[in-house]
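A.B. asks: Just dropping this structure here.
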Amino acid sequence: MGALYHCWVIFLWATLFLLGDSNGHSAPDASGLPLAIRVPLRQGARTEERIAERSTRRRRGATGVNFVDMIDNLRGKSGQGYYVEMAVGSPPQKLNILVDTGSSNFAVGAAAHPFLRRYYHRSLSNSYWDLGRSVYVPYTQGRWEGELGTDLVSVPHGPNATLRANIAAITQSDRFFINGSNWEGILGLAYAEIARPDETLEPFFDSLVRQTSVPNLFSLQLCGAGFTQNYSLGSATVGGSMIIGGVDPSLYVGALWYTPIRREWYYEVIIVRIEVNGQDLNMDCKEYNYDKSIVDSGTTNLRLPRKVFQAAVKAIEAASSTEQFPSGFWLGEQLVCWEAGTTPWHIFPVISLYLMSENRNHSFRISILPQQYLRPVEDIASAQEDCYKFAVSQSSTGTVMGAVIMEGFYVVFDREKKRIGFAVSTCHVHDEFRTASVEGPFHGVDLEDCGYNIPQTDESTLMTIAYIMAGICALFMLPLCLMVCQWRFSRCLHPHGDFADDISLLK
1 MGALYHCWVI
11 FLWATLFLLG
21 DSNGHSAPDA
31 SGLPLAIRVP
41 LRQGARTEER
51 IAERSTRRRR
61 GATGVNFVDM
71 IDNLRGKSGQ
81 GYYVEMAVGS
91 PPQKLNILVD
101 TGSSNFAVGA
111 AAHPFLRRYY
121 HRSLSNSYWD
131 LGRSVYVPYT
141 QGRWEGELGT
151 DLVSVPHGPN
161 ATLRANIAAI
171 TQSDRFFING
181 SNWEGILGLA
191 YAEIARPDET
201 LEPFFDSLVR
211 QTSVPNLFSL
221 QLCGAGFTQN
231 YSLGSATVGG
241 SMIIGGVDPS
251 LYVGALWYTP
261 IRREWYYEVI
271 IVRIEVNGQD
281 LNMDCKEYNY
291 DKSIVDSGTT
301 NLRLPRKVFQ
311 AAVKAIEAAS
321 STEQFPSGFW
331 LGEQLVCWEA
341 GTTPWHIFPV
351 ISLYLMSENR
361 NHSFRISILP
371 QQYLRPVEDI
381 ASAQEDCYKF
391 AVSQSSTGTV
401 MGAVIMEGFY
411 VVFDREKKRI
421 GFAVSTCHVH
431 DEFRTASVEG
441 PFHGVDLEDC
451 GYNIPQTDES
461 TLMTIAYIMA
471 GICALFMLPL
481 CLMVCQWRFS
491 RCLHPHGDFA
501 DDISLLK
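Count the sequence shown with our numbering and you get residues 1 to 507, in order.
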């Protein structure tokens, strides 16, 4: 009787488990994240409602953060970055802030500027604390300087949380703000090591994770021109989503492939191979990562080291040889235009980057289309023409996987597990013949060796070099000093009545 009872209990438990599993709870993939819901075509209304309900439940993080509220929270203009609305101070002052994974300072315009429609008024915030420190930040293009403080900050279309964050009030800038870009500040989402003035300044996302229950990851879907097909953007021309604290399966298709974050300063990764139309560039893989390879939403182009850029342009030019383009086009100095709707996408090749996977002896391939690396230029184009700029450029600071790469993919910045994930975005622009893709695995050996290591020079060698340089300077300066002294001595012996005061030269 006892054995029969136990069998009956086990049977009931198994039945309930199977029924529960049929309610839409899919198994996680290898990354530990839930698999995307596959929505069949032409379903009845009730089925669609059930799927939508399940999707909404799954788009809430473990902490109860509702990812649905974060969908469509990014705006921007082609080539001018993506911004999110943030509220700063008490009472809240709403500002549009550029999302930048290539820097670590949170900074906002705090003085009138010709390109700013509005700016942060520290004097109007009851919660602003002055830190009494100044800060200067240079970028690849532009710079700014300002004063450090802290204030209360929230993201209206983000997690339901307010935190006290370090904030730089920009008082002076040069070639930093962009006319018509519609953003008034920058949100650096990288690590403390590259924060200015030094790494003791806690970046925004570190403060968010420390002060709230938001998990230590975020994800970006930058849609490029694909966003305008489904949404009204007003003055903006591109858009997307920043999911703070999680991953939204509705924003990508297929599997997420992860590459390790090599070093926590920028979001540095390792590229092991580059192909143009399936043809390997056949370069030493260290060249691809000289002196680093980073994922940077604040940069527009795919930027490549000089040797890699030259090889890539040669291959792209050869693949698209059915049409002749001026040399200035490949250097980003000239545009190419076609009659509206007739852009010959098919003549341009696919560019593939292979990234080292979490299994260090395997890689995966991300492939982008010309629809990503030929950037539309709206200010020049007319209703009769579509004009484009070549958005692959030369770099002196390593490979930068900018927005033109990210616009093909849903990108997960999993800071907790020190990895970056890529999957095909649901909103990237493509044609009926080709689509962006993420594929793998591909076998390799010692792929970690492709990373570039900055040569280390010991202290004694540096001191020797310093002494030698000082000696050389002394040898050059001594004759100059003797000549100046001789000249001054002669002036004292033979004064001139019409000698003018040097101060007059400073007016």
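Just so you know, even glycine gets a beta-carbon here, dropped at the ideal spot from N, CA and C.
#1: If we ignore side chains and look at the alpha-carbon of each, how far apart do H428 and I316 end up?
#2: So, at 7 angstroms on beta carbons, what are the nonlocal neighbours of R360 in its own chain, with the 5 sequence-adjacent residues on each side left out?
#3: Ignore the nearest five residues each way along the sequence and tell me which others in L148's own chain have a CB closer than 6 angstroms to its CB.
#4: To which residues does DSSP link Q394 through a beta bridge?
#5: So, helix, strand or coil for M283, using DSSP?
#6: Could you check what DSSP says for R57 in three-state terms: helix, strand or coil?
#7: Considering only C-alpha positions, which residue in the set I178, G185, N182 and D206 is nearest to Y509?
#8: Could you compute how far the alpha carbon of T259 sits from the alpha carbon of P441?
#9: For Y290, tell me which candidate among A107, Y120, Q324 and K307 has the shortest Cα-Cα distance.
#10: Please state if the CB of V412 and the CB of V153 are separated by a distance shorter than 8 angstroms.
#11: Could you compute how far the alpha carbon of M70 sits from the alpha carbon of S241?
#12: What are the uninterrupted segments assigned as beta strand (DSSP E) that are 3 or more residues long and contained completely in the stretch 170 to 208, given in chain order?
#13: Between the alpha carbons of F329 and G79, how many angstroms are there, rounded?
#14: Out of A255, L256 and I270, which one is the CA nearest neighbour of R262?
#15: Look up S134 in the DSSP assignment and give the residues it is bridged to.
#16: Would you mind sorting D198 into buried or exposed? The rule is 16 or more other CB atoms within 10 Å of its CB.
#17: How many angstroms separate the CA atom of R58 from the CA atom of Y388?
#18: Skipping 5 residues on each side, what residues in its chain have a beta carbon closer than 8 angstroms to that of C450?
#19: Can L98 and I186 be called in contact, C-beta distance under 8 angstroms?
#20: Go ahead and label P349 buried or exposed: buried means 16 or more other beta carbons lie within 10 angstroms of its beta carbon, across all protein chains shown.
#21: Can you check whether the CB of V137 is closer than 8 angstroms to the CB of N182?
#22: By Cβ distance, which residues of its chain are closer than 6 angstroms to W338, with the 5 residues on each side in sequence left out?
#23: So, at 6 angstroms on beta carbons, what are the nonlocal neighbours of L208 in its own chain, with the 5 sequence-adjacent residues on each side left out?
#24: Below 8 angstroms on the Cβ atoms is my contact criterion, and I expect S103 with I194 to pass it. Report the Cβ-Cβ distance as a whole number of Å.
#25: Among the candidates F177, G158, N179 and E184, whose CA atom is the shortest distance from the CA of T212?
#26: Taking the alpha-carbon of I274 as reference, which of Y252, V253 and L304 has the nearest alpha-carbon?
#27: Taking the alpha carbon of P156 as the reference point, which residue from S297, L189 and A87 has its own alpha carbon closest?
#28: Report yes if the C-beta distance between W144 and S173 is below 8 angstroms; otherwise report no.
#29: Taking C-alpha atoms, which residue in E416, F409 and K417 lies nearest to H430?
#30: Could you compute how far the alpha carbon of S425 sits from the alpha carbon of T150?
#31: Excluding sequence positions up to five away, which residues of its chain have a Cβ less than 8 angstroms from the Cβ of S377?
#32: Distance, Cα to Cα, I294 vs F204?
C.D. replies: So, from the data block:
#1: 21 angstroms
#2: In its chain, beyond the 5 residues on either side, L447 and E448 have a beta carbon closer than 7 angstroms to the beta carbon of R360.
#3: Same-chain partners within the cutoff: L131, R133, V135 and A168.
#4: L304
#5: coil
#6: With a pLDDT of only 43 at R57, under the threshold of 50, the placement of this residue in the model should not be trusted, and no figure is reported.
#7: What is shown of the chain runs 1 to 507, which leaves residue 509 out entirely.
#8: Going from the Cα of T259 to the Cα of P441 covers about 12 angstroms.
#9: Looking at the Cα atoms, K307 is the closest of the given residues.
#10: No, Cβ-Cβ distance for V153 and V412 is not below 8 angstroms.
#11: Between M70 and S241, the C-alpha separation is close to 6 angstroms.
#12: 185 to 188
#13: Looking at the two C-alpha atoms, the distance is approximately 16 angstroms.
#14: Nearest of A255, L256 and I270 to R262, Cα basis: I270.
#15: E147
#16: exposed
#17: Note on R58: pLDDT 48, under 50, position unreliable in the model; no value is reported.
#18: I270, I271, V272, C285, K286, Y288, N289 and M356
#19: yes
#20: buried
#21: The answer is no: Cβ separation not under 8 angstroms.
#22: D386
#23: L163 and V214, listed in sequence order.
#24: 7 angstroms
#25: G158
#26: L304
#27: In this structure, A87 is the residue among S297, L189 and A87 with its C-alpha nearest to the C-alpha of P156.
#28: yes
#29: F409
#30: 36 angstroms
#31: Residue identity differs from the one stated: residue 377 is Val in this sequence, not Ser. Cβ within range, chain order: S78, G79, L335, C387, Y388 and K389.
#32: 19 angstroms
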